[in-house]
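Notes to accompany the following structure.
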Amino acid sequence: MDGAQLPVDILHWLIALLPIAVLLVLLAVFQWKGIEAGPAGLLAAAVLALLVFRTPFETLAVAAGKGIWDAVFILYVVWTALLLYLVTLRAGAFDALRRGFLEFSRNELFLVLAIGWVFASFFQGVAGFGAPIAVTAPLLLGLGMRTSYAVIITLIAHAWAKHFGTLAVGWLAMVRVTEVADPTATAVQTAILLALVNLLGGLGVTWMYGRRAAVVHGLPLVLIIAVIQGGVQLGMMYVNPVLSTFVAGTLALVALYPLSHWRRYAEPAEGIVERPAMRDEPLEEPVAAEEAAGRQTQMGLGLALFPYIFLTVIAVLGSAVPAITDLLSQLQIGLPFPAVETGYGLAIPEAEPYSPFALLTHPGTFVLVTALVALVVYRLRGYYRSGGTSLLGNLVKDSVPSSIAIASFLTMSKLMDHSGQTSILAQGIASVATAPVYAFLANWIGILGAFMTSSSTASNILFSPLQSQAAAALPGLEQSAVLAAQGAGGAIGNVIAPANIVIGTGAVRSSGEEGAILRGTIPWTIVAGVITGIATIILNLF
């Protein structure tokens, strides 16, 4: 890419912005479904790549192939998580979860924060790549939450855990592609910014649950959990950043037990009249009437939680125990792609292979094994019986729309990357900013990268070198602050990433609500981006 002569001017910058604008307008304004808006955005990116950005068909074909391969990686989580959801739903586990959760605590807001914020963040510590969304949103659904809010709350609540989560894959990617002058200072400043994002996540959940009354009631709990998660992660920067989110999430999860005995959160909250996130009607289960009647006893909380406990255990063993991880990681799968370039000299090196992943340590494998084990256990205990609509039939019907949407979004992302459109957008911002302005905008570049790729890791790989170059070129701009903003922005951007939204709608079987969910996440993203930008300016001064 070093020899590229990209046209970084206002006209080409606006043209490069068009595919993103098309996608946002179709989803948020015209309320198109993801399966409709995704191909439209993809078409816009492809046409502009051909006609404006001098991209040969061969380059487009390679980009499309990589986009589809990226989609396979994510869809493996989507398909298996949907299978797990259908198995547990048909067995009656969600009704049992709702009853059991209310025995653990009669305070609904406490349970929403415990599941949507604390558990999702803990799970992100060991198994990312969309798995926390796909697993947590159905749990909130079982608690009685509306489908759109179940996805929105999960997205915003665990965003802070993205950068150092999954054993710090996002941080390690940044260090790999960029010469980081002071890794400790960069990690510490990133943790400070993410602590703010964490607090905003907890406050956002309480506001969405019950507006001002819920914020007042939940504020002590939010502050305690935010201090545990954010403070422990910050402290771990001086010890081992790779384990920081996992340790912070684990301690927050453990803290829920004593907090549940606090009278304030053990009993139903008083004064929260407005609860827009919660349903009034029960969750319907896709089972035949005779099957439901044939169950001998109601499922207990332990058996209902069994799949999620089992999933957590195998995810920790498969991801956090080096001996097991090394053994399972030997089987790598990837596809080769040739080197390509554009008429502007943007060169993409060959990949031998491209984006390989270890099948046996992939989060989708953990979820698949869990779904199959849960199916066997529920059958043996008499809770799951054949009858009604086919399990595989439901799986195919519900997964096709999300699969097409995710493949479209990620292919569009690769087309924009390989044609230079994404680089033009980022370089355009960098070329007109002073040091303070760039410090404020740095996290927005990270947000852009995560929105385009649906991955904070990919955002770091894509834009960390650019951020580092900007820090070197602009007097008064510190590399550590800029890279910290990139990491935090990549985490924030996952909240509005279309593919992540579709993972959620696929997991709770609500395909078509993508526009409503995007409209629900955009305001929080803007607030988080502005606060992170201001904090970056302050960090850059010291």
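In our numbering, the protein residues as written are 68 to 609. C-beta atoms are modelled at their ideal positions from N, C-alpha and C, and glycine is treated no differently.
_Given a cut-off of 8 Å on the beta-carbon distance, is the pair T489 and L529 in contact?_
Yes.
*asked:* With the cut-off set at 8 Å, would you say F518 and G560 are in Cβ contact?
replied: Going by C-beta atoms, F518 is nearer than 8 Å to G560.
_Does G487 pass the burial test, meaning 16 or more other C-beta atoms within 10 Å, or should it be called exposed?_
That one is buried.
*Determine, using beta carbons only, whether V179 and V314 come nearer to each other than 8 Å.*
For V179 and V314, no; Cβs fall outside 8 Å.
*May I ask you to report which of helix, strand or coil DSSP gives M519?*
It is helical.
*asked:* Is the separation between the beta-carbon of A204 and that of V575 shorter than 8 Å?
replied: In this structure, V575 lies closer than 8 Å to A204 by Cβ.
_DSSP three-state assignment for V139, whether helix, strand or coil_ = Residue state, collapsed to three classes: helix.
*Would F124 be called buried (16 or more neighbouring beta carbons within 10 Å of its own) or exposed?*
Residue burial annotation: F124 is exposed, with fewer than 16 other C-beta atoms found within 10 angstroms of its C-beta.
*Run through DSSP, which three-state label would E170 get?*
Look at E170 here: in three-state DSSP terms it is helix.
*Based on the DSSP output, what are the partners of L402 in its beta bridges?*
DSSP lists Y421 as the beta-bridge partner residues of L402.
*Kindly list the residues whose CB is nearer than 8 Å to the CB of E352, restricted to its own chain and excluding five residues on each side of it in sequence; keep chain order.*
Reliability fails at E352, whose pLDDT of 46 lies under 50, so the model's placement of it is uncertain and the value that follows must be treated cautiously. If we look at E352 and ignore the five residues flanking it on each side, its Cβ neighbours are L156, R157, G159, F161, D162, A359.
*Rounded separation between L164 and F177 - CA only*: Rounded to the nearest angstrom, the two C-alpha atoms are 15 Å apart.
*Determine, using beta carbons only, whether A425 and S386 come nearer to each other than 8 Å.*
The answer is no: Cβ separation not under 8 Å.
*Select from A371, G412, S535, V569 the residue whose C-alpha is nearest the C-alpha of S466.*
Among A371, G412, S535, V569, the Cα nearest to that of S466 is on V569.
*Give me the Cα-Cα distance between A81 and A187, rounded to the nearest whole angstrom.*
Correcting the residue identity first, residue 81 is Leu in this sequence and not Ala. Their Cα atoms are separated by approximately 37 Å.
_Which complete beta strand (DSSP E) runs does the segment 370-414 hold, if anything under 3 residues is left out?_
The segment 370-414 contains these whole beta strand (DSSP E) runs: 399-404.
*Kindly list the residues whose CB is nearer than 6 Å to the CB of F476, restricted to its own chain and excluding five residues on each side of it in sequence; keep chain order.*
A distance below 6 Å between beta-carbons, with the five flanking residues on each side excluded, links F476 to the following residues of its chain, in chain order: G105, P565, A566.
*By Cβ distance below 7 Å, which residues in the same chain neighbour A333 in space, the five residues on each side in sequence not counted?*
So the list reads S172, R173, N174, S327, once near-sequence residues are dropped.
*With DSSP collapsed to three states, give me the class of M345.*
Three-state DSSP puts M345 in a strand.
*Could you say which of G297, R446, V193 lies nearest to V264 if we only look at CA atoms?*
V264 has its Cα closest to that of G297, out of G297, R446, V193.
*Three-state secondary structure (DSSP) at M366?*
In the three-state scheme derived from DSSP, where H, G and I count as helix and E and B as strand, M366 is classed as coil.
_Rounded C-alpha distance that separates I589 from G556_ = Going by the C-alpha atoms only, they are around 14 Å apart.
_Where the alpha helix (DSSP H) containing N607 begins and where it ends_ = Where N607 is concerned, the enclosing alpha helix (DSSP H) stretches over 581-608.
*Which of the three DSSP states, helix, strand or coil, is assigned to M212?*
When secondary structure is reduced to three states using DSSP, M212 falls in the strand class.
*Does the beta-carbon distance from A558 to L261 come in below 8 Å?*
Yes, these two residues count as a Cβ contact at 8 Å.
*asked:* Is it buried or exposed, R279, if we count other Cβ atoms within 10 angstroms and call 16 or more buried?
replied: By the 10 Å Cβ count, R279 comes out exposed.
*Hey, quick one: how far does the alpha helix (DSSP H) through K481 stretch, first residue to last?*
Its alpha helix (DSSP H) spans residues 458-485.
_Length of the line joining the Cα atoms of L350 and S531_ = Here the model assigns L350 a pLDDT of 47, short of 50, so the residue's position is not dependable, and the following value carries that caveat. Each residue's Cα considered, the two are about 44 Å apart.
_For G277, tell me which candidate among I339, I135, T251, A95 has the shortest Cα-Cα distance._
The residue with the shortest Cα to Cα distance from G277 is I339.
*Separation of I77 from Q494, as counted between CA atoms*: C-alpha separation (whole angstroms): 11 Å.
*asked:* Does R448 come out as helix, strand or coil in the three-state DSSP assignment?
replied: Reduced to three states, the DSSP call for R448 is coil.
*From this set, G367, L462, F231, which residue's C-alpha is nearest S577's C-alpha?*
Of the candidates G367, L462, F231, the one whose C-alpha sits nearest the C-alpha of S577 is L462.
*Whole-angstrom distance between L459 and T599, CA atom to CA atom*: Going by the C-alpha atoms only, they are around 44 Å apart.
_What does the alpha-carbon distance come out to for the pair E408 and L153?_
Each residue's alpha carbon lies about 45 Å from the other.
*Take L301 as the anchor and find which of V443, A258, L606 has the nearest alpha-carbon.*
Of the candidates V443, A258, L606, A258 places its Cα closest to the Cα of L301.
_Helix, strand or coil at W99 according to DSSP, with G and I counted as helix_ = In the structure shown, the three-state DSSP call for W99 is coil.
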